[in-house]
Amino acid sequence: STASNSALKRSDSITDSMPEALKQSRFHMKRCFARFVASGKRLMKQQHVMDDAEKTVEDKVERKKLLDGMLGYIFSCTQEAAVVPPYIAFAVRPNPGFWEYIKVNADDLQVEGIEAVEYLKYKEMIFDEKWANDENALELDFGAIDFSTPRMVLSSSIGNGLNFTTKILTSRLSESSQNINPLLDYLLSLNYQGENLMIKDTLNTMPKLQQALKVAEAYVSALHKDTPYQKFEDRFKEWGFDKGWGNTAGRVKETMKLLSEVLESADPVKLESLFSRLPNMFNIVILSIHGYFGQADVLGLPDTGGQVVYILDQVRALEEELLHKIELQGLDVKPQILVVTRLIPDAKGTTCNQELEPVTHTKHSNILRVPFYTDKGMLHQWVSRFDIYPYLERFSQDATAKILELMEDKPDLIIGNYTDGNLVSSLMASKLGVTQATIAHALEKTKYEDSDAKWMAFDEKYHFSCQFTADIISMNAADFIITSTYQEIAGSKQKPGQYETHTAFTMPGLCRAVSGINVFDPKFNIAAPGADQSVYFPSTEKEQRLIAFHPAIEELLFSKDDNEEHIGFLEDMKKPIIFSMARLDKVKNLSGLVEWYARNKRLRSLVNLVVVGGFFNPAKSKDREETEEIKKMHFLMKEYNLKGQFRWIAAQTDRYRNSELYRCISDSKGAFVQPALYEAFGLTVIEAMNCGLPTFATNQGGPAEIIVDEVSGFHIDPYNGDESSDKIADFFEKCKIDSEHWNRMSKAGLQRINECYTWKIYAKKVLNMGSIYGFWKRLNKEQKLAKERYNHMFYNLQFRNLAKQVPIPSERPQDPTQMP
Ligand code: UDP
Ligand code: LCN
């Protein structure tokens, strides 16, 4: 962003350019570095580095020159600096995914490039000197065990792994000799529950297969394209083929042609197209363990939010796509999708105590619930996702047995969600030898500053020791990783991505991850979710509106009394409403929004505020963060006298009613505000935009990518409340002057959604990934095994012990008679 970025040529490393840059401003830099070390050992963030640099140079012109120059650029790319006098070790990130570590001696300004491991040791010196100096401290290095996986090289390729993998596959296939073609091997192995598909053992060499393809292709070419497969099935069998090629002569011909061409000389586009047709995916397991996983009355309960919404929509989209594919393959097979979650006997009026529940609007998909067991028997109550670790191993075994029983076969793909689901998916997939995908709706590490370096202080409350260990295990175990945005993997120019922060990090006293994950690994893939558009549609689609809810919504928004469901009221019912809805977690920052609003007179005069989240009695909450947030909300209401302008509504559970609520807010010409301190993706943002609401969303995380600032909505800075509330106020002021302004913004939001965020695109992509990465995994058996063994040792020696330290609640006696 600075004027002379160009001073750093792409080929120059920061280590190379820094000495010269320091030399040029030696006088100021001496003072600046003296300032860095003045307060002794500590960890500086970018802002501190910049502030100190600015303070050092008094003269304005000089300062500008310095900050616009090379040094200013280096400081602006510095994510963090460990001050260990006389050294300062810098972690510099010039571009997404690219890091350089440098140490500078503050006394003589000597510069030296260092490796990540050395940087981490400096950082550890601040927190645990003894451990930092322990030569045998536990060091994790997946880079060293992962020796053969090809890597992408460009920041811009990150998240596009499928494409890259297909290209690498193509060149591997071209290298392999005619008779031991791994693709042939793979095709021979295709089956559904033991029943052979596509080619029989008789076509077990390339010449035989190619010859048979020629004959069969010529034969189907002569048939009318709509001739059903059954009509020529017998002929096919004689030639050595089985079903799976297609439902009609036309489709069969296309598939055969694709294979013939790929066998002759592979090309990535054809290879991907061929793999998207292969009958290799029928049964899928999706793991989502914590919280209340149900289809009604669960949203807004602790730990129960977007993940549930995401998975239910995902299952519907995947099933639809599977059915479509199977039909085209000409097979008579019922795909099965099982969402595997925790059974909670204390179900709080939800269905979470039922073992099996069909997923609505699907034909063959079910929720399977498996209870948690401890030595004392079945666990009855909800447990926080932060305390879930002691139950997972047993859960994984019980769930695996149940799945095999229900599916009568191994699944073809296991998809994990969030730390707990991902860890279980790793255990299960490794045991069954099945392709594994992981999804991290949020990696908790990025949500709390220095949660790794200061893990010990967080551990009692959050058990990050378990969580980050589990996350690292799963990331490395997964055959592919599905993310919702680019930023989730590699962040932005300014800010590292969630996965990226797992590249090199340290938890002093526990483990130093020298290479935890590599964001250039082609396993990373972006597949953004959507919102169910039959539920979340624009307020302008009058015929579809769910007007039956209107009286209830009217009451919810405007009645004057306080009750169990709402407190506070709106005096002027004509004003536009700014609206937010989330779980009452600290990171969601709903109380922050209330405070911004409360402090901004202009905004208060322009609009009312309505917030949906949590409930009102702090004594009733079992969730640590929720309790604090509830108290803060009450405090703010009183302190700023929000009476008449603010309505607080308790957590809502009906998504149909919620969708109509969004639309009613839209009718008021209001806006949606998502003020989170950090948001991994932000489903409410796309729900609101689908309903036609102009949306202001946090610039920290996924929403920054969903919304193009000032084009399809607005970014707000959750760490700068005054600026954010002013931005909202500006919008409403502008709407007063220009009545079209609101409509334009509303339409632009919708357009953005329809172009980029739908479930159909998602399902196609994910099934293609399952197909390609499944094959990739077979091709790289040795590498996979080596990594699996390394990972397993880490699981056994580290994770298991950490999990044992997490207390098991005894609030309610567990039932010993329920011991299986
Ligand atoms: N939600 C709800 N009622 C509430 C709070 C949230 O129905 O009281 C829904 C919301 O509509 C969205 C999901 O829960 O579908 C929250 O997803 P998001 O991605 O915004 O956040 P998460 O809770 O997953 O962190
Ligand atoms: C969990 C979150 O915290 C959100 O950011 C996501 O939108 C949601 O899961 C669905 O992926």
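The numbering of the sequence shown is this note's numbering, which starts it at 3 and goes up by one. All C-beta atoms, glycine included, are put in the ideal place defined by N, C-alpha and C.
Heavy atom of the ligand LCN within 7 Å of residue i beta-carbon
i           : result
residue 444 : yes
residue 145 : no
residue 699 : no
residue 309 : yes
residue 685 : yes
residue 418 : no
residue 681 : yes
residue 531 : yes
residue 704 : yes
residue 221 : no
residue 486 : yes
residue 464 : no
residue 312 : yes
Chain-order list of residues whose beta-carbon lies under 6 Å from that of residue i (same chain, five-residue window excluded)
i           : result
residue 587 : 627
residue 795 : none
residue 95  : 79, 81 and 101
residue 247 : 254 and 257
residue 821 : Because residue 821 sits at a pLDDT of 47, beneath the cut-off of 50, its placement in the model cannot be relied upon, and the following sentence gives the value as read from the coordinates. 379.
residue 335 : 194, 284 and 328
residue 170 : 152
residue 143 : 516 and 517
residue 352 : 294, 296, 299 and 300
The ligand UDP heavy atom lying under 7 Å from the CB of residue i
i           : result
residue 583 : yes
residue 421 : no
residue 654 : yes
residue 689 : yes
residue 302 : yes
residue 614 : yes
residue 135 : no
residue 193 : no
residue 657 : yes
Chain-order list of residues whose beta-carbon lies under 8 Å from that of residue i (same chain, five-residue window excluded)
i           : result
residue 527 : 161, 162, 163, 164, 482, 483, 484, 485, 767 and 771
residue 57  : 37
residue 463 : 388 and 626
residue 243 : 200, 201, 202, 205, 214 and 218
residue 14  : none
residue 355 : 345, 346, 347, 348, 349 and 371
residue 653 : 301, 302, 303, 585, 586, 614, 615, 616 and 617
residue 550 : none
Close beta carbons around residue i, own chain, < 7 Å, minus the five adjacent residues each side
i           : result
residue 168 : 270, 273, 274 and 774
residue 593 : 631, 634, 635 and 638
residue 88  : 39, 107, 108 and 109
residue 223 : 255
residue 705 : 676, 681, 684, 687 and 699
residue 8   : Annotation note: pLDDT 42 at residue 8 (below 50); position unreliable, coordinate value reported separately. If we look at residue 8 and ignore the five residues flanking it on each side, it has no Cβ neighbours.
residue 16  : 76, 94, 96, 102 and 104
residue 731 : 602, 604, 605 and 608
Residue i vs residue j beta-carbon contact at 8 Å
i           : j           : result
residue 759 : residue 532 : yes
residue 427 : residue 435 : no
residue 286 : residue 261 : no
residue 613 : residue 651 : yes
residue 657 : residue 301 : yes
residue 71  : residue 521 : no
residue 390 : residue 343 : no
residue 371 : residue 345 : yes
residue 765 : residue 131 : no
residue 611 : residue 735 : no
residue 250 : residue 236 : no
residue 503 : residue 707 : no
Any chain D beta carbon closer than 8 Å to residue i
i           : result
residue 446 : Here chain D cannot be found, since the structure has a single protein chain.
Practice problem: Assess, as a yes-or-no matter, whether the segment 290-308 is touched by the segment 746-762 under the definition of 3 or more beta carbon pairs within less than 8 Å. | Solution: no
Quiz item: Looking at C-beta atoms only, is the number of pairs between the segment 358-368 and the segment 332-340 that lie closer than 8 Å three or more?
Solution: yes
Self-check item: Sufficient close CB pairs (3 or more, under 8 Å) joining the segment 463-472 to the segment 792-809
Solution: Per the Cβ contact rule, the segment 463-472 is in contact with the segment 792-809 (3 or more Cβ pairs under 8 Å).
Quiz item: With a cut-off of 8 Å, do at least 3 Cβ pairs link the segment 151-159 to the segment 537-554?
Solution: no
Quiz item: Between the segment 492-509 and the segment 451-461, do three or more beta carbon pairs fall short of 8 Å?
Solution: The segment 492-509 makes contact with the segment 451-461, as at least three CB pairs between them are under 8 Å.
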